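Novice: Just passing along the structure, written as structure tokens.
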Amino acid sequence: MLTPKPTQGDTEWFVHDRFGMFIHWGLYALPSRHEWVQSREEIAPEVYRQYFERFNPTLYDPQQWAKAAREAGMKYAVITSKHHEGFCLWDSAYTDYKVTNTPYGKDLLKPFVEAFKAEGLRVGFYYSLIDWHHPHFPIDIFHPLRNHPDVAKLNKGREMPRYAEYMRNQVQELLTQFDIDILWCDFSYPGRHYNGLPGKGHNDWESEKLYALIRDLKPRIILNNRLDLPVAADIYTPEQVQPIEWVKVNGEPVVWEACQTFSGSWGYHRDEETWKSPGQLIRMLINTVACGGNLLMNVGPTSRGTFDRRALDSLAVYRDWMALHGEAIYGCTQSAYEAPQDCRLTQNGKRLFVHVYAWPFKHLLLKGLADKVAYVCFLHDGSEITLKSSDWATHQLQTGGDTLILELPVKKPDVVVPVIELELK
Ligand code: GLC
166 MLTPKPTQGD TEWFVHDRFG MFIHWGLYAL PSRHEWVQSR EEIAPEVYRQ YFERFNPTLY
226 DPQQWAKAAR EAGMKYAVIT SKHHEGFCLW DSAYTDYKVT NTPYGKDLLK PFVEAFKAEG
286 LRVGFYYSLI DWHHPHFPID IFHPLRNHPD VAKLNKGREM PRYAEYMRNQ VQELLTQFDI
346 DILWCDFSYP GRHYNGLPGK GHNDWESEKL YALIRDLKPR IILNNRLDLP VAADIYTPEQ
406 VQPIEWVKVN GEPVVWEACQ TFSGSWGYHR DEETWKSPGQ LIRMLINTVA CGGNLLMNVG
466 PTSRGTFDRR ALDSLAVYRD WMALHGEAIY GCTQSAYEAP QDCRLTQNGK RLFVHVYAWP
526 FKHLLLKGLA DKVAYVCFLH DGSEITLKSS DWATHQLQTG GDTLILELPV KKPDVVVPVI
586 ELELK
């Protein structure tokens, strides 16, 4: 079993809890065409402002969100305090481009933090390093004005240090006005040049100063890896990919968290059709924990302030499965044993969990486990599974003596992914 080296942030609760909710919410919920809509469609700030003037999520009820997250088995939530568009979900003293100046007129983050904590969840904030609204953010490859004919002129007078200071001020607000456990900064692209416009990395963000400020205010907060710094991050964050082995950095295993979407877009996207199936959703969670990682699964709320039906249905998939199988996720990690055909393993001490992806006929063969197991049962209903030890089966299946043979019902149990629990001696 692998154990990453400790870092400064407190990841002990994090690697136990394994499953969190990402929330991408901002003005982009109105156009409902991806959170990058302003960049993709090169929408000028004065045009994008129409969404700011109409942002009014009167149905926002963070208690409902928190309940849905808790019921889905999620133990923490990370919400966008500001995404690349630059719009702030709290009453920041350093900008007018914030929720309190929209028709809604109220801070969104205070009630969010309260509601999620009341449901027993930990809270983190995503904070975008990129900002397409700030007047001192130099136009670059991703900026909506990158193809403007006067881009050089528009960039004159934009002073990156002033923007870097703005970020420090805002991060200071977030870390002093709210009590949070994770800060998720996004993202750096130092090598990405475009028509003579340089990308941005730690020199531009002044990441060293930002990092010092964060550690000063919250020494043990969990900080992710997107500030373009050489220091070890608390968590590494593969995005929209599923690692098939423990994530390593410079050859060393690290604490990691895959972030994923239900449908391919982070922000609410009305016409996106690539919603994942129940089997995919559950397998993504298992695959992650089987490789020693966490899963941060995203919901993009609507501009009314609700989770739409498709998101609720996806959350219900997790709710139903996690209600019966949470023990095979929380506190679990990668196992040193070899997974049988079509299976994944997760392990918590002497409890070894076999997640069966394709239901076999009658027998499951577990190499290296003969004589090591005291008891076997299904996790969903606690029903005993008997061990097949007769010479007859071993002979017919041509297994070695170190293989444990389980006798399974012919029919797959009625859960998305059945889990068999082995109690090790
Ligand atoms: C990205 C995207 C983004 C999303 C994030 C989540 O880097 O820019 O829209 O917030 O990944 O990991």
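Residues in the sequence shown are numbered from 166 upward in steps of one, following my numbering.
C-beta: ideal position from N, C-alpha, C; glycine also.
Predicted, not measured: the structure shown is a model, and the values here were computed from it.
1. So what does DSSP say about Pro-418, is it helix, strand or coil?
2. So Trp-230 packs on Leu-294, CB below 8 Å; how close in whole Å?
3. How would you write the range of the alpha helix (DSSP H) that Val-212 sits in, first residue to last?
4. Quick one, which of His-189, Thr-341 and Phe-302 has its alpha-carbon nearest Leu-254's?
5. Note down, in chain order, each residue of its chain lying with its Cβ closer than 7 Å to the Cβ of Asn-513, except the 5 sequence neighbours on either side.
6. Anyone know if the C-beta pair for Asn-390 and Cys-424 falls short of 9 Å?
7. Is Gln-512 helix, strand or coil by DSSP?
8. When you compare each of Leu-167, Phe-302, Val-519 and Ile-244 to Leu-461 by their alpha carbons, which one comes out closest?
9. Quick check on the DSSP output: the beta strand (DSSP E) that includes Ile-379 runs from which residue to which?
10. Please list, in chain order, all residues of the same chain as Leu-340 whose beta carbon is under 6 Å from its beta carbon, the five residues on each side excluded.
11. Give the DSSP-derived three-state secondary structure of Lys-282 in the structure shown.
12. In chain order, what residues of the same chain have a beta carbon less than 8 Å from the beta carbon of Lys-527, not counting five sequence neighbours either side?
13. Tell me the DSSP secondary structure of Gly-532 in three-state form.
14. Cutting at 6 Å between CB atoms, please list the residues of its own chain near Phe-352, excluding the five before and the five after it.
15. Examine the ligand GLC and report whether any of its heavy atoms sits within less than 8 Å of the Cβ of Cys-424.
16. Label Lys-590 either buried or exposed according to how many other C-beta atoms from any shown protein chain fall within 10 Å of its C-beta, with 16 as the threshold for buried.
17. According to DSSP, is Leu-392 part of a helix, a strand, or is it coil?
18. Can the beta-carbon of Tyr-193 be found less than 9 Å from the beta-carbon of Tyr-433?
19. Tell me whether Phe-302, by its Cβ, gets closer than 8 Å to a heavy atom of the ligand GLC.
20. Going by C-alpha to C-alpha distance, which of Lys-318, Lys-365, Tyr-401 and Ile-208 sits closest to Leu-348?
21. Would DSSP call Tyr-225 helix, strand or coil?
22. Mind pulling the beta strand (DSSP E) runs of 3 or more residues that sit fully within the stretch 448-534?
23. Measuring only the C-alpha atoms, how far is Ala-280 from Tyr-225?
24. Confirm the yes/no value for this check: CB of Asp-351, any heavy atom of the ligand GLC, distance under 8 Å.
25. Taking the C-alpha atoms as reference points, what is the distance between Leu-530 and Leu-446?
26. Using 8 Å as the Cβ pair cut-off and three pairs as the minimum, do the stretch 293-313 and the stretch 358-378 touch?
Specialist: From the atom records:
1. strand
2. Trp-230 to Leu-294, Cβ: 26 Å. No contact.
3. 210-217
4. His-189
5. The residues are Gly-496 and Cys-497.
6. No, they are not a contact pair.
7. In this structure, Gln-512 counts as strand in the three-state DSSP scheme.
8. Ile-244
9. Where Ile-379 is concerned, there is no enclosing beta strand (DSSP E), although the alpha helix (DSSP H) it sits in stretches over 372-382.
10. Leu-382 and Lys-383
11. Three-state DSSP puts Lys-282 in a helix.
12. Glu-572, Leu-573 and Val-575
13. Reading off the sequence, residue 532 comes out as Lys, not Gly. If DSSP states are grouped into helix, strand and coil, Lys-532 belongs with coil.
14. Spatial neighbours of Phe-352 in its own chain (CB-CB distance under 6 Å, excluding positions within 5 residues in sequence) are listed in chain order as Arg-391.
15. yes
16. exposed
17. Leu-392 falls in the coil class under three-state DSSP.
18. yes
19. no
20. The alpha carbon of Leu-348 has as its nearest neighbour, out of Lys-318, Lys-365, Tyr-401 and Ile-208, the alpha carbon of Tyr-401.
21. DSSP places Tyr-225 in coil when its eight states are reduced to three.
22. Look at the stretch 448-534 and you find these whole runs of beta strand (DSSP E), each 3 residues long or longer: 459-464, 508-513, 516-521 and 528-531.
23. 12 Å
24. yes
25. Cα-Cα distance, rounded: 26 Å.
26. yes
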